[in-house]
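Chains as they are written, first to last, in the numbering used here: chain A, 5 to 236; chain B, 5 to 236.
All residues carry an ideal CB built from backbone N, CA and C; glycine is no exception.
Here the structure is a predicted model, which is why all the values come from computation and not from measurement.
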DNA sequence: GCTTACATATTGTGATCACCTAAGCCCCCT
DNA sequence: AGGGGGCTTAGGTGATCACAATATGTAAGC
């Protein structure tokens, strides 16, 4: 009898369905966005019927989207067959952070030789969009823009095998990025994207790896020692 | 009109459904096994109805299993909405190989401090099972046993974030492992698992990393320079 | 002979329903 | 008053159906 939309507390952006996008893909994209921008509280059980009514679609596309998100580790499936955003623990957070550093440093190094002028220009545009979102205080858009910058860079490597794995890590850390950015905007922080872009332009692998690692650690690393993890 | 089971050429092992395993999980496990042991030819389109009739289940569990396998990168979904095992290219193979080395070396180093006597004994059992499968010429079982050995080791690390990513890489390389092992059994090869176990027992990180890397490269690395990739 | 248009068959997508398990709830008993 | 047992309800699983998009096979036309 309870309002299922309120029960799931999912207030999704009124995104419109794209052409040639199936309903299942649309639902997946909206849920993915909601998870990565911290709109779904960790620990709370999500139900197929609840999300279906909240999204005003039938159960079938929601089922497929949830199954896919579980496979991508954005959601976890409990033994009771309940599905939720996995709660964070300090140990898991540390493991995800170190894994991000390991994979993204390598992905950056693999992409570096394949950056041409057009790609560099595109990266500057994405970085500017990120800066604009941060300046506007739109944390959800800032999170998306930050990942879009990293992604556009990494996929420049031919036969890239790392980016899909990295995106899984993003989905696992995503729910806690909002707290990280809310905290981050209170302090001054170096513009690690600018450092990365400079290293790319200079074709300097060591400086690039350092900038990527610093970007990751600056963004979320300080959360490991704060109480924000358990509160989120 | 064509015989759909033959059309899909999926002759799955007559595995029995486990208790408390849903039909969808059962189908996923069988398809996963079939893919990883090279039983499904890359490039051929898989259909829901074809697999459903081959497995003698309805379409629904197959749909979910295929979706999940696409998310795990065991299968790829084309723009035409056809689903297949991704064909291999030399560039993709090289990327997957280097990524395996990067991730598994790190996973081994993270697991090393958490190996106790019981775990070491278990690893020896799994290694023996692998040796037995190789000796018996059962390539499918040897592939599974090899991965089981690596997996049991890596998951010893608390809050392990790497193993799910590594398993995705295994699923992508899996379809070509059969050719690798058929080739490998023709030659002498060092027992890298034994070297790894010795390094674990000696608590020697450098030797362990070297053994893991050598194990991976020995097993499949030589395929990169052979014509087996395109033939498979 | 090769291409193109059309008709047919196949397949993925989405909706709906039945069933069964699991969780929540209340009442009763101690 | 607290704990245990049965009842009620909710939710996941699996099956089936309708529809739209895609592929395939055929035949006509250049």
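Asked	Found
Could you tell me the alpha carbon to alpha carbon distance between residue 160 of chain A and residue 117 of chain A, rounded to whole angstroms?	9 Å
Indicate whether residue 95 of chain A and residue 146 of chain B have their beta-carbon atoms separated by less than 8 Å.	no
Could you tell me which whole alpha helix (DSSP H) segments of length 4 or greater appear in the stretch 35-69 of chain A?	52-59
I want to verify the contact list: residues of chain A whose CB lies under 7 Å from the CB of residue 51 of chain B, in sequence order.	Those within 7 Å of residue 51 of chain B in chain A number zero; the least Cβ separation is about 17 Å.
According to a CB-to-CB cut-off of less than 7 Å, which residues of the stretch 70-82 of chain A neighbour chain B?	71, 72, 75, 76, 77
My assumption, with CB atoms under 8 Å, is that residue 149 of chain B sits in contact with residue 130 of chain B. Please give the rounded CB distance.	7 Å
Helix, strand or coil: which one does DSSP assign to residue 31 of chain B?	helix
Indicate whether the contact test is met: 3 or more Cβ pairs, each with one atom in the stretch 195-212 of chain A and one in the stretch 62-79 of chain A, closer than 8 Å.	no
Apart from the five residues on each side of it in sequence, which residues of its chain come closer than 6 Å, Cβ to Cβ, to residue 5 of chain B?	Any answer about residue 5 of chain B is weak, because its pLDDT of 37 lies below 50 and its placement is not dependable; what the coordinates show is given next. Once the five neighbours on either side are set aside, residue 5 of chain B has no close Cβ partner at all.
Which one of B:185, B:184, B:113 has the shortest CA to CA distance from residue 217 of chain B?	B:113
Who does residue 81 of chain B pair with in a DSSP beta bridge?	B:87
Return no unless some Cβ of chain A is closer than 8 Å to the Cβ of residue 163 of chain B.	yes
For residue 168 of chain A, decide whether its Cβ has a neighbour in chain B, counting only Cβ atoms nearer than 8 Å.	yes
Please classify residue 138 of chain A as buried or exposed, where buried requires at least 16 neighbouring CB atoms within 10 angstroms.	buried
Please report the Cβ distance between residue 197 of chain A and residue 222 of chain A, rounded to the nearest whole angstrom; I am assuming they are in contact, meaning their Cβ atoms lie under 8 Å.	No, residue 197 of chain A and residue 222 of chain A are not in contact; Cβ-Cβ is about 10 Å, not under 8 Å.
For a cutoff of 8 Å on Cβ pairs, would you count residue 100 of chain A as touching chain B?	yes
Counting only beta-carbon atoms, is residue 155 of chain B nearer than 8 Å to chain A?	no
Pair every Cβ in the stretch 176-186 of chain A with every Cβ in the stretch 37-53 of chain A, then say whether three or more of these pairs are closer than 8 Å.	yes
Rounding to the nearest angstrom, what Cα-Cα distance links residue 201 of chain A and residue 124 of chain A in this structure?	8 Å
At the level of alpha carbons, what is the spacing between residue 22 of chain A and residue 167 of chain B?	34 Å
Excluding the 5 residues flanking residue 105 of chain A on each side, which residues of the same chain have their C-beta closer than 6 Å to its C-beta?	217, 220
Given residue 39 of chain B, which residues of its chain have a CB within under 8 Å of its CB, disregarding the five upstream and five downstream residues?	73, 78, 79, 89, 175, 178, 179
Report the residue ranges of all beta strand (DSSP E) runs contained in full by the stretch 102-163 of chain B; include only those spanning at least 3 residues, in chain order.	none
Around the Cβ of residue 82 of chain B, are there at least 16 other Cβ atoms within 10 angstroms (buried) or fewer (exposed)?	exposed
Comparing alpha-carbon positions, which option in B:144, B:87, B:109, B:133 lies nearest residue 212 of chain B?	B:109
Please tell me whether residue 160 of chain B has its Cβ less than 8 Å away from any Cβ of chain A.	no
Looking at residue 86 of chain B and residue 63 of chain B, is the spacing between their C-beta atoms short of 8 Å?	no
Buried or exposed for residue 134 of chain A, please, with buried defined as at least 16 other CB atoms from any protein chain shown within 10 angstroms of its CB.	buried
Helix, strand or coil: which one does DSSP assign to residue 167 of chain A?	helix
Anyone know if the C-beta pair for residue 111 of chain B and residue 52 of chain B falls short of 8 Å?	no
To the nearest angstrom, report how far apart residue 27 of chain B and residue 56 of chain B are at their CA atoms.	12 Å
In the DSSP assignment, find the alpha helix (DSSP H) that holds residue 200 of chain A and state where it starts and stops.	196-205
With 8 Å set as the bound, which would you pick, yes or no: does the beta-carbon of residue 95 of chain B sit closer than that to a beta-carbon of chain A?	yes
Answer yes or no: do residue 115 of chain A and residue 165 of chain B have a C-beta to C-beta separation smaller than 8 Å?	no
Whose C-beta lies closer than 7 Å to the C-beta of residue 152 of chain B among residues of the same chain, with five residues either side of it excluded?	130
Out of B:107, B:76, B:59, B:47, which has the shortest C-alpha to C-alpha gap to residue 31 of chain B?	B:59
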